[in-house]
Amino acid sequence: MSLTISYEPPEGGKVWYVDVALSESYEDVLNVACALWRNRLPSEDCIIGRYLARQIKRHGETEWARISEARFLQLVHDAPEDLELRLELDIQTGRHYRDTSTPSSLEMPPPLLNIEGNNHGVHSCLDDSNNATEIATNNIHAPLHTPLTPTSLISTHYQGPSLVESPTHQNPLNYFPSLASTTATSNMTYDGGLDAFFAGRFSDARTRFQLAADECHDAGDTFQKAECLLRLGMTCRHLKDYPSAISHLSNARKIYESLDCRREQLQCGRNLARVSEDQGNYQEALHTYQEIKASARAVSLEIEEAWCDYSLGRLYNRMRQYDDALRHLSQAIQTSQALKNQEIEAYAMEESGYSAERQQHRELAIQCYEKALTMFKTRGQGKWTDSENRVKKRLEHLGVKQGRSRIGGFFGRRQSTSAT
Numbered sequence: 001m002s003l004t005i006s007y008e009p010p011e012g013g014k015v016w017y018v019d020v021a022l023s024e025s026y027e028d029v030l031n032v033a034c035a036l037w038r039n040r041l042p043s044e045d046c047i048i049g050r051y052l053a054r055q056i057k058r059h060g061e062t063e064w065a066r067i068s069e070a071r072f073l074q075l076v077h078d079a080p081e082d083l084e085l086r087l088e089l090d091i092q093t094g095r096h097y098r099d100t101s102t103p104s105s106l107e108m109p110p111p112l113l114n115i116e117g118n119n120h121g122v123h124s125c126l127d128d129s130n131n132a133t134e135i136a137t138n139n140i141h142a143p144l145h146t147p148l149t150p151t152s153l154i155s156t157h158y159q160g161p162s163l164v165e166s167p168t169h170q171n172p173l174n175y176f177p178s179l180a181s182t183t184a185t186s187n188m189t190y191d192g193g194l195d196a197f198f199a200g201r202f203s204d205a206r207t208r209f210q211l212a213a214d215e216c217h218d219a220g221d222t223f224q225k226a227e228c229l230l231r232l233g234m235t236c237r238h239l240k241d242y243p244s245a246i247s248h249l250s251n252a253r254k255i256y257e258s259l260d261c262r263r264e265q266l267q268c269g270r271n272l273a274r275v276s277e278d279q280g281n282y283q284e285a286l287h288t289y290q291e292i293k294a295s296a297r298a299v300s301l302e303i304e305e306a307w308c309d310y311s312l313g314r315l316y317n318r319m320r321q322y323d324d325a326l327r328h329l330s331q332a333i334q335t336s337q338a339l340k341n342q343e344i345e346a347y348a349m350e351e352s353g354y355s356a357e358r359q360q361h362r363e364l365a366i367q368c369y370e371k372a373l374t375m376f377k378t379r380g381q382g383k384w385t386d387s388e389n390r391v392k393k394r395l396e397h398l399g400v401k402q403g404r405s406r407i408g409g410f411f412g413r414r415q416s417t418s419a420t
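Under my numbering, the first residue of the sequence shown is numbered 1, with each subsequent residue one higher.
So, in structure tokens, the structure goes:
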């Protein structure tokens with residue numbers, strides 16, 4: 001008997017399919033599907049519910065209905081030779097709950113999140129279809145907009161970090177034995193590349209990403225190969241090997257185009273623009289960032305809009321247009337908070353510190369840098385040492401000794417948050 005799992009991306013495009021080993025465990029089937037699509041699904045920190053659904057006929061139309069574990073077991077025992085089920089996810093975005101999949105006739109309520117104090121999480125949610133500005137302004141708890149200054153940038157947007165662990169995060173490589181040998185190996189190599197990348201060991205990361213790409217090619221995992229090539233291109237840019245960076249990023253984008261992966265195409269384009277930026281081609285990079293942001297907005301990919309606002313802010317800093325930089329960085333922070341993406345927020349806050357520093361606002365620059373450092377430590381869980389060290393050097397340049405406590409005094413006492 002064959003068990004096929006499908007998933008329909010919330011942003012549209014082709015439905016994904018994977019053929020998995022037969023199992024009587026509802027949870028095992030969920031784990032293997034999520035593991036195989038781990039780099040295509042929304043962030044684990046955003047997923048608050050995972051379900052399997054089957055097709056039913058209702059009022060003459062075909063719909064997907066979520067099934068219980070008992071019903072799943074019955075289907076496995078009684079179904080014909082080929083059984084297709086659909087993966088459906090419930091996603092937490094900001095203070096809102098939404099279902100990323102097509103509507104099911106048997107809806108299940110999302111599990112309650114046990115979060116004390118504020119409700120601000122840390123990881124990216126890739127597919128929120130709402131506009132981030134609307135999320136912020138429609139939320140009665142959202143801060144009122146103030147004139148854009150370095151002071152308002154920090155005080156308006158500060159929230160204490162929290163960390164909400166996904167229930168599936170404990171065992172991200174929980175594959176069936178028949179799938180573990182190839183997929184787990186390539187993912188372990190890729191994960192090793194990520195660890196090296198975020199630690200600033202770019203030569204090591206380059207070797208690992210190339211090896212992972214080769215493993216994915218041999219295994220026929222086209223999407224994961226593209227992900228490896230994307231990271232390989234980013235790594236080559238850090239090593240200032242720009243021709244290789246352009247080659248890897250362009251090849252990754254071609255694969256994503258063949259798979260109809262819109263967000264990943266924009267991500268490749270943004271990183272190609274970063275290569276142009278690093279080579280000093282500022283106007284070319286500016287035009288590309290603006291085009292990608294417009295494309296992301298057209299298809300409601302807010303995560304890419306936020307990254308583009310950060311990229312534009314960084315570029316304007318390089319061009320010494322600090323007011324324009326702060327305008328985009330402020331938007332990046334606002335959007336990243338609505339999406340609960342602390343990675344973008346940390347980078348944008350760090351770059352805001354540079355804007356403040358260049359405008360002779362030393363104390364405000366320190367506030368931004370220390371806030372960014374705290375988020376890099378929290379989000380990276382001690383592994384993002386390259387970003388941590390970069391911010392520490394900026395603080396040392398301003399004469400700040402490490403270990404002092406300033407953030408709490410400036411922003412006020414933080415509320416307690418749930419952290420696991």
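The beta carbon of each residue, even a glycine, is placed where N, CA and C say it ideally should be. Keep in mind the model is a prediction, meaning the values are calculated, not measured.
Just to confirm, does residue i get its C-beta within under 7 Å of one of the non-hydrogen atoms of the ligand ATP?
i, result
"Glu343", "In the structure on display, the ligand ATP does not appear, and there are no ligands present to speak of."
Would you give the residue range spanned by the alpha helix (DSSP H) that residue i belongs to?
i, result
"Val275", "Arg262 to Asp278"
"Asn317", "Glu302 to Arg318"
"His287", "Tyr282 to Ala298"
"Glu44", "First-last for Glu44: undefined, no H or E at that position."
"Asp221", "First-last for Asp221: undefined, no H or E at that position."
"His361", "Counting along the chain, His361 falls outside any alpha helix (DSSP H), and DSSP gives it neither H nor E."
"Gln321", "Neither: Gln321 is in no alpha helix (DSSP H) and is coded neither H nor E."
"Pro243", "Tyr242 to Leu259"
"Ser387", "Thr385 to His397"
Output the boundary residues of the beta strand (DSSP E) element that contains residue i.
i, result
"Ile5", "Ser2 to Tyr7"
"Arg66", "Glu61 to Arg66"
"Trp16", "Trp16 to Val20"
Among the residues of its own chain, which have a CB less than 7 Å from the CB of residue i, if the five just before and after it don't count?
i, result
"Phe410", "The predicted position of Phe410 is uncertain, since its pLDDT is 36 and thus under 50; no value can be drawn from it."
"Phe197", "Ala205, Arg231 and Thr235"
"Arg362", "Leu398"
"Val400", "Ile366"
"Ser129", "Summary for Ser129: the model assigns pLDDT 31, below 50, so the residue's position carries little reliability; its value from the coordinates is reported in the next sentence. Same-chain partners within the cutoff: Pro10 and Ser300."
"Ala233", "Before going on, a small fix: residue 233 reads as Gly here, not Ala. Cβ within range, chain order: Ala245, His248, Leu249, Ala252 and Asn271."
"Tyr26", "Leu52, Glu69 and Phe72"
"Thr102", "A caution first: Thr102 carries a pLDDT of 42, below 50, which makes its placement in the model unreliable, though a value can still be read off. Contacts found: Glu8 and Trp64."
"Glu291", "none"
Which residue's Cα is closest to the Cα of residue i: the options?
i, options, result
"Thr222", "Lys254, Ala53, Pro9 and Arg237", "Lys254"
"Arg237", "Glu257, Phe202 and Cys216", "Phe202"
"Cys228", "Ala199, Leu239 and Glu264", "Glu264"
"Leu73", "Leu52, Thr62, Leu87 and Gln334", "Leu52"
"Trp37", "Gln360, Leu87 and Asp218", "Leu87"
"Gly380", "Gly200, Leu75 and Ile56", "Gly200"
"Gly49", "Leu22, Asp90 and Gln267", "Asp90"
"Gly313", "Glu351, Arg54, Arg262 and Leu41", "Glu351"
"Gly269", "Pro243, Arg297, Cys308 and Thr378", "Cys308"
"Tyr322", "Glu357, Ile292 and Gln290", "Glu357"
"Gln279", "Ile303, Lys240, Ala294 and Glu257", "Lys240"
"Ala298", "Thr62, Met349, Val32 and Leu266", "Leu266"
Check the DSSP bridge columns for residue i and list the partner residues they point to.
i, result
"Gly49", "Asp90"
"Asp82", "Ser2"
"Ile344", "Paired residue(s): none; Ile344 is not in a bridge."
"Ile56", "Glu63"
Excluding sequence positions up to five away, which residues of its chain have a Cβ less than 6 Å from the Cβ of residue i?
i, result
"Val15", "Ser6 and Glu8"
"Asp82", "Ser2"
"Tyr369", "Gly353, Val391, Arg394 and Leu395"
"Leu113", "With a pLDDT of only 26 at Leu113, under the threshold of 50, the placement of this residue in the model should not be trusted, and no figure is reported."
"His141", "Confidence at His141 is low in this model, with a pLDDT of 33, below 50, so the placement of that residue should be treated as unreliable; the coordinate-derived value is given next. Closer than 6 Å at Cβ, skipping near neighbours: no residue."
Give me the Cβ distance between residue i and residue j, rounded to the nearest whole Å; I'm assuming they're in contact under 8 Å.
i, j, result
"Val275", "Ala245", "5 Å"
"Tyr310", "Ala332", "4 Å"
"Glu345", "Ser355", "Actually they do not touch by this definition, with Cβ atoms about 15 Å apart."
Excluding the five sequence neighbours on either side, which residues of its own chain have a C-beta within less than 8 Å of the C-beta of residue i, listed in chain order?
i, result
"Asn39", "Phe223, Gln224 and Glu227"
"Ala213", "Lys225, Cys228, Leu229 and Leu232"
"Leu194", "Ala205 and Arg231"
"Pro109", "Bear in mind that a pLDDT of 31 at Pro109, under 50, signals an unreliable position, so the model cannot answer this."
"Thr385", "Phe198, Ala199 and Gly200"
"Arg284", "Strictly speaking, residue 284 in this sequence is Glu, with Arg absent from that position. Excluding sequence neighbours, Glu284 sits near Ala273 and Ser276."
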